[in-house]
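Numbering-wise (full-length UniProt numbering), the sequence shown opens with residue 1 and increments by one.
For reference, the structure is listed below as structure tokens.
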Amino acid sequence: MRLILLGPPGAGKGTQAKILVDAYGIPQLSTGDILRSAIADKTPLGLEAKAIMDRGDLVSDDVVNGIVSERLDAEDCKPGFILDGFPRTIAQAEALDRMMADKGIKLDAVIELKADADELVRRVIQRAKDSNRPDDNPDVIRKRLGVYESSTAPLVDFYGRQGLVKTVDGMAAVEDVTGSIKSALGR
Ligand code: B4P
């Protein structure tokens, strides 16, 4: 199964991806986690990404596309994968279409997780208590929600035109959201 989890910051993409990894036996590919790991390791990529992420902006499409393209070639992605936080722009989605066409593979579904802005802010502020993520604070989260609306939300129509979008209520309890995703996927 090849799946995209799409939704605003705090919608539960990472939370659900980790659960679905166990349910379906395929890896999670989180661009956010890969970038945070590069920052922690102080790699050239991490040094470039840190200031951008801290202020709530998106890292450049070329950089993120390169990370994903390399990761999709790994052996563990052969049976399928869960993309968490990628694509986030139309340019990334178009690049992903090209990468998948080159590999002769197709997406099965795009799960859109929906939640109210007030709940998203509440969750991210709650997470800030132990996450140490510089982008988990009220000002930056509001900025990230704006970036989501302008850059990422158009992907719902992009994938809607391909008949791939399944919308799930992300406001419910974690296990109920997982149940809704599994029902939407029919497995
Ligand atoms: P991400 O790491 O993708 O982070 P996110 O959008 O904040 O989180 P997510 O939706 O996964 O929320 P989570 O499950 O953790 O991105 C961070 C930054 O990286 C971006 O701003 C950008 O700068 C950069 N980046 C990443 N990908 C990029 C790309 N493709 N292009 C360019 N830049 C990129 O849930 C949040 C909290 O809510 C958790 O504490 C969780 O416990 C809680 N929660 C989850 N589900 C819940 C539920 N149902 N009920 C109650 N609480 C819940």
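We treat Cβ as the ideally placed atom computed from N, Cα and C, and that holds for glycine.
Item                                                                                                                : Value
C-beta contact flag for Gly85 and Ser30 at 8 angstroms                                                              : yes
Where Asp22 sits in the DSSP three-state scheme                                                                     : helix
Extent of the continuous beta strand (DSSP E) to which Gln28 belongs                                                : Gln28 to Ser30
Val168 CB to nearest heavy atom of the ligand B4P below 7 angstroms                                                 : no
Contacting residues, own chain, Cβ-Cβ under 8 angstroms from Pro154 (five flanking each side not counted)           : Ile90
Proximity test, Ala115 beta-carbon vs the ligand FAD heavy atom, cut-off 7 angstroms                                : For the ligand FAD, the structure offers nothing, since it holds only the ligand B4P.
Cβ-heavy atom distance, Arg86 to the ligand B4P, below 7 angstroms                                                  : One point to set straight first is that residue 86 is Phe, not Arg, in the sequence displayed. Yes, since a heavy atom of the ligand B4P falls inside the 7 angstroms radius drawn around the Cβ of Phe86.
Any non-hydrogen atom of the ligand B4P closer than 7 angstroms to Thr15 Cβ                                         : yes
Three-state secondary structure assigned by DSSP to Ala101                                                          : helix
Status (buried if at least 16 other CB within 10 Å, exposed otherwise) for Gly160                                   : exposed
Cβ pair Leu3, Ile82 closer than 8 angstroms                                                                         : yes
Where the alpha helix (DSSP H) containing Ala109 begins and where it ends                                           : Ala109 -> not in any alpha helix (DSSP H); beta strand (DSSP E) instead, spanning Ala109 to Lys114.
For Asp116 and Met53, believed in contact at Cβ under 8 angstroms, the rounded distance                             : That belief does not hold up - the Cβ atoms of Met53 and Asp116 are roughly 24 angstroms apart, past 8 angstroms.
Any non-hydrogen atom of the ligand B4P within 7 angstroms of Ser69 CB                                              : no
Runs of beta strand (DSSP E) lying entirely within the stretch 120 to 180, each at least 3 residues, in chain order : 165 to 169
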